[in-house]
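Trainee:
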Amino acid sequence: MDLDRNALEAMSKDDLIKMLQQQAAQAPYPPATGRATNAKKQPEPEPEVEPVEEDLGPPPLPLSHPDKVKEQMLAIKENTCSNWQQPNIEGSPELFAMLADALPHNKRLQYLSMHRLGIDDSVMALCFPKTTLLPTVQYLALAYNDITDVGFGTLMNCILAGGLQSLEVLGMTNNKLEKVHEQGLVTVLAKGHCPSLRQIYFKGNNLTDECEAALDAANTKREARMGQLGRVIMYFNIKANLRPPPTKEEREAAAAAEAAKKSGDTSGVPVAA
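Whatever position you read off the sequence shown (first residue = 1), add 1147 for this note's numbering.
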C-alpha cells in the first residue's frame, strides 16, 4: 500500500499496526541478515539444500524469544536502559508496535539501532510521530531498510516538532532515498535544528545531484548561523563529505572566536587558515 506522508501521519497507531499486519501476511519481511527467502516450495520430496555463505553470520532469531524482547521494550519505556540495538530477529508488526509504545516515553536512550528490520514508511510513521521526543538519543541507525523519501520526511517532521534534538549521528545507509532535500532536511540544516548533529550517512541511496547541491547550500547557511563546528558531514556514494572536517587548529580558532563574540572582546582571537 503506497501512501504519502500526510496520509500515514493522519492514521492512528492502531490503523498503522493493522496495516503492517496485513502487509506482513501478504509479503513477509526478509530475515534480518539479508538471507533470501524462498517464495516457492520445491515439489521434490527431498529438495536440495542451498549452501550457506559463511560471512552472513548466525541466522536471525525468530520472535521465539518474546519475553526477552518485551523485557527490552519495558526497559526503554521505563527509562532503565541507555542503548538499544535491534535483536537479531525479523522485523514484525508485533515488534514495531512494542517500539511505538515504548519510544515516546523514553528520556534516557542514547544509542538506538534499528537497522535491517525491514522498516518502511508506515513503520516510520508508527515509531516517529511528531509527539516522539527522544531527547537524549545521540546515535540513530536506520540503515539497510526500505525507507523512501516519505518515511525520511516523517523523521524530519519529528525533528522539526522538537524531537531528537541531541542527535549527533544519523545512519540512513542503503535505503531508497532520492530527494531528501524536499522532505525537510534543508530546513533542519539551515535553521540549526539538532545543534549537535555532526554526521549523516547516505551511502547506498540514489540521491540526485540537485539534492546534494541543495544540502550543501543548506549546510553553508547552517555554518553561517552556528559557526564552523555546526557544519554537518554528509557521506554520499562517491565523495565522503562535502567539505573536510575542521582541523584541531580550526576548531580551537572557532571556539575562541565564539567565546570572544560572547564577551565582546575580539582582540587576540586567532584566525583560522
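Quick reminder that beta carbons are idealized off the backbone N, C-alpha and C, glycines included.
All values reported here derive from a predicted model rather than from experimental measurement.
Give a yes or no on whether the minimum CB-CB distance between Asn1230 and chain B is below 8 Å.
Mentor: Annotation note: the requested chain B is absent from the structure, which comprises a single protein chain.
Trainee: Runs of 4 residues minimum, wholly inside the stretch 1344–1398: which ones carry the alpha helix (DSSP H) assignment?
Mentor: For the stretch 1344–1398, whole alpha helix (DSSP H) runs of length 4 or above, ordered along the chain, are 1356–1373.
Trainee: What's the C-alpha gap between Asp1161 and Asn1366?
Mentor: The alpha-carbon atoms of Asp1161 and Asn1366 are separated by roughly 38 Å.
Trainee: Tell me the DSSP secondary structure of Gly1298 in three-state form.
Mentor: Looking at Gly1298 - three-state DSSP - the assignment turns out to be helix.
Trainee: Figure out for me which residue from Lys1350, Val1333, Ala1244, Ala1371 has the closest Cα to the Cα of Tyr1382.
Mentor: Answer by Cα proximity: Lys1350.
Trainee: Please specify which runs of the alpha helix (DSSP H), each continuous and at least 4 residues long, are wholly inside the stretch 1243–1301, giving them in chain order.
Mentor: Segments of the alpha helix (DSSP H) lying fully in the stretch 1243–1301: 1268–1274.
Trainee: Using DSSP with H/G/I as helix, E/B as strand and the rest coil, what is Leu1317?
Mentor: Residue state, collapsed to three classes: strand.
Trainee: Which partner residues does Gln1232 have in the DSSP bridge list?
Mentor: For Gln1232, which the question treats as bridged, DSSP gives the partners Ser1260.
Trainee: Tell me which same chain residues have a C-beta within less than 6 Å of the C-beta of His1262, skipping the five on either side of it?
Mentor: Taken in chain order, the residues that qualify are Ala1288, Ala1290, Tyr1291.
Trainee: What span of residues does the alpha helix (DSSP H) with Thr1227 cover, start to end?
Mentor: First-last for Thr1227: undefined, no H or E at that position.
Trainee: Comparing C-alpha positions only, which one of Gln1285, Pro1342, His1340, Ala1402 sits nearest to Lys1254?
Mentor: The shortest C-alpha separation from Lys1254 is found at Gln1285.
Trainee: For the alpha helix (DSSP H) that contains Glu1156, what are its first and last residues?
Mentor: 1152–1157 is the span of the alpha helix (DSSP H), which, as asked, contains Glu1156.
Trainee: Where does the unbroken alpha helix (DSSP H) through Ala1460 begin, and where does it stop?
Mentor: No answer is possible for residue 1460: the residues shown for the chain start at 1148 and end at 1420.
Trainee: Could you tell me the distance, in whole angstroms, from the CA atom of Val1297 to the CA atom of Ala1407?
Mentor: Approximately 43 Å between the Cα atoms of the pair.
Trainee: Let's test the definition: count the other Cβ atoms within 10 Å of the Cβ of Asp1268 and tell me whether it reaches 16, buried, or not, exposed.
Mentor: So Asp1268 counts as buried.
Trainee: If I measure Cβ to Cβ from Ala1244 and keep anything under 6 Å in the same chain, skipping five residues before and after, which residues do I get?
Mentor: Excluding positions up to five away in sequence, the list reads Ile1164.
Trainee: Judging by CA-CA distance, which residue of Ala1308, Glu1359, Ala1222 is the nearest neighbour of His1340?
Mentor: Closest option to His1340, Cα to Cα, is Ala1308.
Trainee: Please state if the CB of Leu1167 and the CB of Val1270 are separated by a distance shorter than 8 Å.
Mentor: Taking 8 Å as the Cβ cut-off, Val1270 and Leu1167 qualify as a contacting pair.
Trainee: For Lys1326, which beta-bridge partners are listed by DSSP?
Mentor: DSSP output for Lys1326 lists no bridge partner at all.
Trainee: Grouping DSSP H, G and I as helix and E and B as strand, with all else coil, what is Ser1239?
Mentor: If DSSP states are grouped into helix, strand and coil, Ser1239 belongs with coil.
Trainee: Can you give me the Cβ contacts of Pro1276 inside the same chain, cut-off strictly under 6 Å, excluding the 5 residues immediately before and after it?
Mentor: Once the five neighbours on either side are set aside, Pro1276 has no close Cβ partner at all.
Trainee: Could you have a look at Gln1168 and say whether DSSP puts it in helix, strand or coil?
Mentor: Helix, per DSSP.
Trainee: To the nearest angstrom, how far is the alpha carbon of Leu1332 from that of Asn1352?
Mentor: Cα to Cα, Leu1332 sits roughly 16 Å from Asn1352.
Trainee: For Gln1219, which of helix, strand or coil comes out of DSSP?
Mentor: In this structure, Gln1219 counts as helix in the three-state DSSP scheme.
Trainee: Please classify Ser1410 as buried or exposed, where buried requires at least 16 neighbouring CB atoms within 10 angstroms.
Mentor: It counts as exposed.
Trainee: Measuring alpha carbon to alpha carbon, tell me which residue in Glu1329, Thr1334, Leu1344, Asn1304 is nearest Glu1156.
Mentor: For the residues Glu1329, Thr1334, Leu1344, Asn1304, the minimum Cα distance to Glu1156 belongs to Asn1304.
Trainee: When we look at the beta-carbon of Thr1184 and count the other beta-carbons within 10 Å, is it buried (16 or more) or exposed?
Mentor: At Thr1184, the pLDDT of 41 sits below 50, so the modelled position is not reliable; the number obtained from the coordinates is stated separately. So Thr1184 ends up on the exposed side.
Trainee: Under three-state DSSP, which class holds Cys1341?
Mentor: Reduced to three states, the DSSP call for Cys1341 is coil.
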